[in-house]
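Asks:
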Amino acid sequence: MLFTEKGFGLNDYIVITAVFSSWTIYYFLPKIFSKQFTVLIFLYSLTISGIFDNSFGATPFDLYDIMDGPAYTVMDILVYFLYPPAGYIFLFLYKKLRIRDQHLVLFILISTAFSIGIEWIYHKMGVFKYKDGYNITYSICIYLFVQSIFVIFYRFLNNHGGERIGTSKSRD
Amino acid sequence: MVITFYFVISWLMMGLFIFNRKKSWGTKKELAFLVLLSCLINSQTYLGLFETFKWMKTTTDPKLYIAFLLFRSVFIPLFVSFFTLRFFNCPNNKKLMYLFIYCLIILGVDKVSLSFELYRFKNWNHFFTLGYYLLFLLFMIIALKWFKRLERKEADLGDAVHRKRLWFK
Chain A
54 MLFTEKGFGL NDYIVITAVF SSWTIYYFLP KIFSKQFTVL IFLYSLTISG
104 IFDNSFGATP FDLYDIMDGP AYTVMDILVY FLYPPAGYIF LFLYKKLRIR
154 DQHLVLFILI STAFSIGIEW IYHKMGVFKY KDGYNITYSI CIYLFVQSIF
204 VIFYRFLNNH GGERIGTSKS RD
Chain B
1049 MVITFYFVIS WLMMGLFIFN RKKSWGTKKE LAFLVLLSCL INSQTYLGLF
1099 ETFKWMKTTT DPKLYIAFLL FRSVFIPLFV SFFTLRFFNC PNNKKLMYLF
1149 IYCLIILGVD KVSLSFELYR FKNWNHFFTL GYYLLFLLFM IIALKWFKRL
1199 ERKEADLGDA VHRKRLWFK
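In the order they appear, the protein sequences are chains A and B. Position one of the first sequence corresponds to residue 54 (this note's numbering), numbered consecutively onward. Position one of the second sequence corresponds to residue 1049 (this note's numbering), numbered consecutively onward.
(1) Could you check the C-alpha separation between residue 94 of chain A and residue 152 of chain A for me, to the nearest Å?
(2) Quick check on residue 92 of chain A - is its C-beta less than 9 Å from some C-beta in chain B?
(3) So is residue 103 of chain A in contact with chain B if we call contact Cβ pairs under 9 Å?
(4) Looking at the unbroken beta strand (DSSP E) that takes in residue 117 of chain A, where does it start and where does it end?
(5) Round the Cβ separation of residue 100 of chain A and residue 1087 of chain B to the nearest angstrom and send it over; I've been treating them as touching at under 8 Å.
(6) Counting contacts by CB-CB distance shorter than 9 Å, is residue 1167 of chain B in contact with chain A?
(7) Any idea which residues DSSP pairs residue 187 of chain A with across the strands?
(8) Can you check DSSP and say which residues form a bridge with residue 1188 of chain B?
(9) Taking a cut of 8 Å between CB atoms, which residues from the segment 108-135 of chain A lie near chain B?
(10) Could you please give me the residues that DSSP links to residue 1105 of chain B through a beta bridge?
(11) Under 7 Å, CB to CB, which of the residues in the segment 1078-1095 of chain B have a partner in chain A?
(12) Got a sec? Which residues, its chain only, sit under 8 Å from residue 55 of chain A by beta carbon, not counting five neighbours each side?
(13) Relative to the C-alpha of residue 1098 of chain B, which candidate in B:1085, B:1120, B:1080, B:1077 has its C-alpha closest?
(14) For residue 181 of chain A, which three-state DSSP category applies?
(15) Let me see if you follow: with CB-CB separation under 9 Å, is residue 1098 of chain B close to chain A or not?
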């Protein structure tokens, strides 16, 4: 497996900086979720992004490339390290701000707008390369969908997650 | 036809998972963990097989590809998670029987996928598929053990903190 496809460029520096800063933010945030639930947050973020990238970004749809080109490189894998802290920050804010049902739509809209802003910067820096008529507006649908499901997932596990084991106090 | 086939068996797995699951098998967190982890591993493995190593070739027909996505990202994660739980919770004398059924279904589904040309083998065969899915199952069982231990550790830690607080009162 190659390290990069076309040498070390601006997009590689951007990704390394972003990964480092997002994990630093995660490190300093209070750990308000249980270890099991933190694992689930990380897994959800990785799995959902993996499904979308490996479905729409791969043959035959091939709507976008990550980093320099279609080849799967070490730097492509590094991009996946961006998602777990982002997922944690999203649910952290959801829980800390105590988002009520009437404000949930607004919260997801703001979060989607923020995500689109970040993606636009990545796109301009060459981290994501759109192909075959794909543009950033399609990502709005993906973020709205993924973040809504994330909240449903959280609520589902929060209400019933530890139904069998009743010995430990749930922090989720 | 093949989309319907994979849709039906995926639906069947969901039904088995949601309605036929015994609560004693595991908590919902454990189920979520198994499904997410298996989905992550399986999608990355097939990407590696298709794009990095080029040991298999995927279809370029979008209709067939949708069927493949159902197979890769819905059916297999639910199927492997279901068998991981079954394997984890069944008595030792039944483990061999479950392993046999697991291998049989994997080979059957692999045959169906090949016959509908969802993918083609280049430097790959059914024996490798079987090997991959057996390793996959083993890894999932180890991962589930680790995940369960995480809960217990936290509970122990919680109890220790509670005891300490009582001591200082």
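Every residue gets a Cβ at the ideal spot worked out from N, C-alpha and C, and that includes glycine.
Replies: By the coordinates alone:
(1) For the purposes of this step, residue 94 of chain A is taken as residue 41 along the first sequence, with counting starting at 1. For the purposes of this step, residue 152 of chain A is taken as residue 99 along the first sequence, with counting starting at 1. So the two alpha carbons sit approximately 18 Å from each other.
(2) Along the first sequence, read from residue 1 onward, the residue named residue 92 of chain A stands at position 39. Yes - at least one Cβ of chain B is within 9 Å of the one on residue 92 of chain A.
(3) One-based indexing of the first sequence puts residue 103 of chain A at position 50. Closer than 9 Å: yes.
(4) Mapped onto the first sequence, residue 117 of chain A falls at position 64. Start and end: 117-119.
(5) Counted from its first residue, the first sequence places residue 100 of chain A at position 47. Counted from its first residue, the second sequence places residue 1087 of chain B at position 39. Residue 100 of chain A to residue 1087 of chain B, Cβ: 5 Å. Contact.
(6) Locating residue 1167 of chain B in the second sequence gives position 119, where the first residue counts as 1. Chain A, which has no Cβ nearer than 9 Å to the Cβ of residue 1167 of chain B, makes this no.
(7) Against the first sequence, residue 187 of chain A aligns to sequence position 134. BP columns for residue 187 of chain A are empty, so no partner.
(8) Mapped onto the second sequence, residue 1188 of chain B falls at position 140. None; residue 1188 of chain B has no bridge partner.
(9) 108, 111, 112, 113, 114, 123, 124, 125
(10) What you label residue 1105 of chain B is simply residue 57 of the second sequence in a count that begins at 1. According to DSSP, residue 1105 of chain B bridges with B:1168.
(11) 1080, 1081, 1084, 1085, 1087, 1088, 1091, 1092, 1095
(12) Here residue 55 of chain A refers to the residue found at position 2 when the first sequence is read from its first residue. Excluding residues within five positions, the ones whose Cβ falls inside 8 Å are 124, 126, 127.
(13) In the second sequence, residue 1098 of chain B corresponds to position 50, counting from 1. With distances taken between Cα atoms, residue 1098 of chain B lies closest to B:1120.
(14) Here residue 181 of chain A refers to the residue found at position 128 when the first sequence is read from its first residue. In this structure, residue 181 of chain A counts as strand in the three-state DSSP scheme.
(15) Locating residue 1098 of chain B in the second sequence gives position 50, counting from the first residue. Judged by the 9 Å Cβ criterion, residue 1098 of chain B is in contact with chain A.
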